[in-house]
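Colleague:
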Amino acid sequence: MLWFVSVLNQQWLTTFLALAETGHFTRTAEKLFMTQPGVSQHIHKLEQQIGEPLLNRIGKGFELTRAGSLLVEYGRKMQRQEAALLTAIRHDDEYTGPCRIACSGSLAMLFYPLFLKRQRQYPTLRVMLEAAPNKRIIEGLQQDTIDLGIVTQAGGASELAEIPLGAQPLCLVLPAGHVTDRETALNFESLRQLGFINHPDGHHYAEQLLGRNFGDRFRGMDAIPQHGYVNQLNQILLPVSLGLGFTVLPEIAVRLYADKQSVYCVQPASPVEEHLFLVHKRYRPLSARYQWFVDCIREQLVDPSSR
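The opening residue of the sequence shown carries number 1 in UniProt numbering; numbering runs sequentially from there.
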C-alpha cells in the first residue's frame, strides 16, 4: 500500500508522473529520452514496490487506478514542494518571482490595480491574483497553489498564521431612484417588494445585515423574491442601478463602482462588519518579494487615511 511512499524510487516515480501527464507510453518515452519498454519497466517496478496496480490497461490506452491517482497527487505535491524549496534556497529577490495572492472579489477590485503598478515598476515580478471565497483560499494555501490570502473568518486551519486587518462594513444598496429618504430605504416591506439581486456571497451578507436590523420581520432569504443573479463583482450593481432590486455588499465594492450616483448605500441602524485576516503558511516564511504586498494590504485596510 501507499505507506511505502517515503522510500519510492524517484526515477520510477518521475516516469510514472510523466506518463500520467502525457497519457501515452510512446510520448512519455520521447519526453524522457527513453525507450517505450523502459517506460513500461519503470511502471512495472513501481507497481511492485507499492504492491498495487497503478494503471488499468484498456486496449492501447489506460486509466489510473485509485492507487495511481493517489500517487499522482502525492508526486505532484512533492514536485511543487521541491521546486519551492530550490527557489527559496537559490534566490530570494524582492523584485523577482511569482506573487500568488487570493482574496474576495471586492478586495481584488481594490488591490489589482495597485499590484499591477508594482509589477509594471518591476517586470520580473509576476502578479497572480485570484478572486475566491474563504474555503478556496484556505485550500489554496494548504495545497501550496497560493502563498498569501485575505479571509473573513479566523481559525480556518491550524497550520496558517492569521494577522488581523480590521473590518469592512456591509452596505444595503438600493437603486438611487427608489429612495426618497433613509426611512424609506430601511422599510422592510419596501425591500421585499423591490426584490433581491443575488451574487455568490449575497445570501451570506444579506442574512447578517437584514437579520440584525429587521428582527422577526426577516424570516430568511427564501421569503424575499430574487430578481436576478450575477457572479461578476463589477456587474452586481448594474441591475440595482436599473431599479431591478437591492443587494448587500462590502463598502469597498460600492466605493469602487463607477456609477455611484445611480445607487444608494444605506448605513443601517445596527451596522454589520466583516473582519479581515491576512493568512499564510505558519511555518514557511514568505519570500522577500511579498513584503511590499503585505505592507500595501495593511496600508489600504488598516489605515483609513490611505484610501
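All C-beta atoms in this analysis are idealised placements derived from N, C-alpha and C, irrespective of residue type, glycine included. Computed from a predicted structure; not experimentally measured.
Check each candidate in 208, 69, 202 and name the one with the smallest Cα separation from residue 227.
Modeller: 202
Colleague: For residue 78, which of 116, 41, 145, 28 has the nearest alpha-carbon?
Modeller: 145
Colleague: Within 10 angstroms of the Cβ of residue 289, are there 16 or more other Cβ atoms? Answer buried if so, exposed if not.
Modeller: buried
Colleague: Considering only residues of the same chain and omitting the five flanking positions on each side of residue 291, which have a CB-CB separation below 7 Å?
Modeller: 94
Colleague: Excluding the 5 residues flanking residue 287 on each side, which residues of the same chain have their C-beta closer than 6 Å to its C-beta?
Modeller: 92
Colleague: Give me the DSSP bridge partner(s) of residue 166.
Modeller: 276
Colleague: Specify the secondary structure class of residue 283 as computed by DSSP and reduced to three states.
Modeller: coil
Colleague: Cα-Cα, which of 258, 197, 165 is closest to residue 295?
Modeller: 165
Colleague: Across the stretch 138-155 and the stretch 94-107, are there enough close Cβ pairs to call them in contact, namely three or more that are closer than 8 Å?
Modeller: yes
Colleague: Expressed to the nearest angstrom, what Euclidean distance is found between the alpha-carbon atoms of residue 107 and residue 275?
Modeller: Straight-line measurement puts the Cα of residue 275 at about 13 Å from the Cα of residue 107.
Colleague: In the structure shown, what three-state DSSP assignment does residue 307 receive?
Modeller: Low per-residue confidence applies at residue 307: pLDDT is 47, beneath 50, and the placement is therefore not dependable enough to give any value.
Colleague: Assuming the contact rule is C-beta atoms closer than 8 Å, residue 134 and residue 153 should be a hit. Round their C-beta distance to whole Å, please.
Modeller: 6 Å
Colleague: Need the endpoints of the beta strand (DSSP E) that residue 17 sits in, please.
Modeller: No beta strand (DSSP E) holds residue 17; the alpha helix (DSSP H) holding it covers 10-22.
Colleague: Could you give the distance in angstroms between the alpha-carbon of residue 37 and the alpha-carbon of residue 126?
Modeller: 41 Å
Colleague: What number of angstroms, rounded off, separates the C-alpha of residue 161 from the C-alpha of residue 72?
Modeller: Rounded to whole angstroms, residue 161 to residue 72 spans 29 Å at the Cα level.
Colleague: Using a C-beta cutoff of 8 Å, does residue 237 count as contacting chain C?
Modeller: No chain C appears in this structure, which consists of one protein chain only.
Colleague: Let me confirm a value: residue 58 is counted as buried when at least 16 other C-beta atoms fall within 10 Å, else exposed. Which label applies?
Modeller: exposed
Colleague: Taking just the CA atoms, how far does residue 61 sit from residue 18?
Modeller: 15 Å
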